[in-house]
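Chemist: Residue numbering for the sequence shown follows the working numbering, beginning at 271 and increasing consecutively.
Every residue, glycine too, gets a C-beta built ideally from N, C-alpha and C.
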Amino acid sequence: MQIESQNNFSEWLCGLPKAELHLHIDGSLQAHRLLSLAKKNGIALPYSTQQQVESAYHFENLQSFLDLYYLGASVLIDESDFYHLMMDYLLKCKEQNIVHTEIMVEPQTYAPNGVSFATMMRGFSKAIEQAQQEWGQSVALILSFLRHLDEDQCLETLEEARAFRESFVAIGLASAEQDNPPIKFERLYREAHKQGYRATAHAGEEGPASFIWDCLKILNVERIDHGVRCAEDPSLVDYLVAQQVALTVCPLSNTKLCVFDEMDQHNVLDLLNKGLLVTINSDDPAYFDGYLNENFLALRKHLSLTKEQALRLVKNSFKASFLSDDAKAGFLQELSQTADAP
Ligand code: HPA
Ligand code: ZN
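1) Which of the three DSSP states, helix, strand or coil, is assigned to S445?
2) Extract the residue ranges of the beta strand (DSSP E) inside the stretch 485-546, only unbroken runs of 3 or more that lie entirely within it.
3) Buried or exposed, going by whether 16 or more other CB atoms sit within 10 Å of the CB of S574?
4) When you compare each of E475, Y467, A469 and C500 to W483 by their alpha carbons, which one comes out closest?
5) Using a Cβ-based criterion (distance less than 8 Å to any ligand heavy atom), does G312 qualify as near ligand 1?
6) Do you know how far the Cα of P382 is from the Cα of A471?
7) For K347 versus L307, is the C-beta distance shorter than 9 Å?
8) When we look at the beta-carbon of G384 and count the other beta-carbons within 10 Å, is it buried (16 or more) or exposed?
9) Express the C-alpha separation of E604 and Q513 in angstroms, rounding to a whole number.
10) To the nearest angstrom, report how far apart S350 and M390 are at their CA atoms.
11) Report, in whole angstroms, the separation of the C-beta atoms of V439 and A469, which I expect to be a contact under 8 Å.
12) Please state whether DSSP places R468 in a helix, a strand or coil.
13) Around the Cβ of T319, are there at least 16 other Cβ atoms within 10 angstroms (buried) or fewer (exposed)?
14) Among W282, I453 and D596, which residue has its Cα nearest to the Cα of A611?
15) Could you check the C-alpha separation between Q366 and N563 for me, to the nearest Å?
16) Pick helix, strand or coil for I373, following the three-state DSSP scheme.
17) According to DSSP, simplified to helix, strand and coil, what is F601?
18) By the three-class DSSP mapping on this structure, what secondary structure does S574 have?
19) Would DSSP call H418 helix, strand or coil?
20) Do S552 and G297 have their C-beta atoms closer together than 9 Å?
21) What residues in its chain sit with their C-beta under 6 Å from that of S523, if we drop five residues either side in the sequence?
22) Thinking just about the alpha-carbon of each residue, which of T371, L305, S344 and Q321 is nearest to the one in A613?
23) Tell me which residues share the same chain as H294 and place their Cβ nearer than 6 Å to its Cβ, disregarding the 5 neighbours each side in the sequence.
24) Decide if E290 is buried, meaning its Cβ has at least 16 other Cβ atoms within 10 Å, or exposed.
25) Among the residues of its own chain, which have a CB less than 7 Å from the CB of A326, if the five just before and after it don't count?
26) Express the C-alpha separation of A433 and A388 in angstroms, rounding to a whole number.
27) Report the option in G393, F566, K396 and K589 whose CA atom is closest to the CA atom of F279.
28) Helix, strand or coil: which one does DSSP assign to H328?
29) May I ask you to report which of helix, strand or coil DSSP gives E290?
30) Three or more C-beta pairs under 8 Å: does that hold for the stretch 543-552 against the stretch 398-409?
31) Does DSSP classify T319 as helix, strand or coil?
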């Protein structure tokens with residue numbers, strides 16, 4: 271591809287207002303922040319320089335990543351730590367023109383370190399309110415559960431969240447898919463639906479296509495995080511197209527965690543061309559070497575993503591969001607004005 275056309279595409283793409291729907295806040299913990307918080311809180315880490323941190327970020331699979339991801343999150347202790355974590359990511363949103371973001375928050379990660387739900391929420395809320403006031407950032411939070419834990423522990427966390435119910439739009443399910451099938455969380459999702467939460471869940475990243483079916487039919491989720499293994503079941507692909515169930519796909523994550531060996535083997539554009547409601551997201555940008563725009567640019571470089579396809583993906587990000595219909599229409603109008611500008 272010509273360098274000039276690549277630059278032109280990059281400038282155009284970066285300028286588009288976009289939504290991000292699949293982002294773990296702990297996955298946005300940058301190496302410099304990780305080191306400074308570890309020092310401040312007296313937490314020992316196996317690295318002391320930014321270079322050592324970044325060179326440790328090579329993974330064979332999801333679990334090898336999760337081990338470092340939970341280690342990284344162990345440096346978060348007080349309210350100001352959570353404020354900085356959230357603010358660092360929201361500043362990236364501003365820089366990358368991510369006008370709306372739906373962020374997964376995982377309180378169960380911090381509880382073993384003695385961090386209360388209230389401490390976490392005070393820090394996050396302070397950063398979110400500031401970003402809303404200073405540049406009109408739109409944010410929704412997803413209460414994400416760790417599927418390697420027992421369902422009873424998750425139900426206890428859901429109870430604790432009652433005091434913060436208004437802060438969350440939906441629940442989600444993350445961590446290791448292997449040995450932790452959706453059915454394990456049937457009661458959790460039933461109770462969350464009763465409390466009025468909307469629902470999403472990770473499925474079909476490392477787990478089989480049947481996990482996607484189970485999330486839809488047993489957990490009654492509205493959208494699927496990752497979901498790329500749906501391609502192994504043509505009847506599931508047909509269903510996802512017919513129902514316009516959104517997939518929040520994360521290309522750089524999928525290659526870093528070896529779901530696909532190389533970016534040129536990624537199936538996201540095949541799924542898009544089949545009519546699925548796919549969206550592009552960064553998952554854990556500090557660990558996977560790229561925020562939202564870099565994910566689009568990787569598709570441009572390795573899969574020759576066209577402007578028309580990119581625009582469809584960005585439109586999908588608003589359509590698949592948990593925003594109200596009015597808010598979606600407002601963002602879509604803003605998008606078409608920007609994209610059509612000469
Ligand atoms: N999959 C499951 N859990 C996660 C991920 C992921 O890609 N990233 C952070 N938690
Ligand atoms: Zn994820």
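Modeler: Straight from the coordinates:
1) Per DSSP, reduced to three states, the secondary structure at S445 is coil, with no helix or strand assignment.
2) DSSP runs (the beta strand (DSSP E)) wholly in the stretch 485-546: 493-496 and 516-519.
3) exposed
4) C500
5) Checking every heavy atom of ligand 1 against the Cβ of G312, none is found closer than 8 Å.
6) 23 Å
7) It is worth fixing the name first, because residue 347 is Ile in this sequence and not Lys. Taking 9 Å as the Cβ cut-off, I347 and L307 qualify as a contacting pair.
8) A residue is called buried when at least 16 other Cβ atoms come within 10 angstroms of its Cβ; G384 does not meet this threshold and is exposed.
9) 26 Å
10) 9 Å
11) Contact flag wrong, Cβ pair sits at about 10 Å.
12) R468 sits in a strand when the DSSP states are folded into three classes.
13) Around the beta carbon of T319, fewer than 16 other beta carbons sit within 10 angstroms, so the residue counts as exposed.
14) W282
15) 7 Å
16) strand
17) helix
18) Coil, per DSSP.
19) coil
20) Result yes, Cβ atoms of S552 and G297 sit closer than 9 Å.
21) D553 and F558
22) Since the first residue shown for the chain is 271 and the last is 612, residue 613 is missing from the structure and cannot be characterised.
23) Counting only Cβ-Cβ distances below 6 Å, and skipping sequence neighbours, we find M374 and D554.
24) Burial call: buried.
25) Y317 and L338
26) 9 Å
27) Answer by Cα proximity: F566.
28) coil
29) In the structure shown, E290 sits in a strand (DSSP, three-state: E or B).
30) no
31) coil
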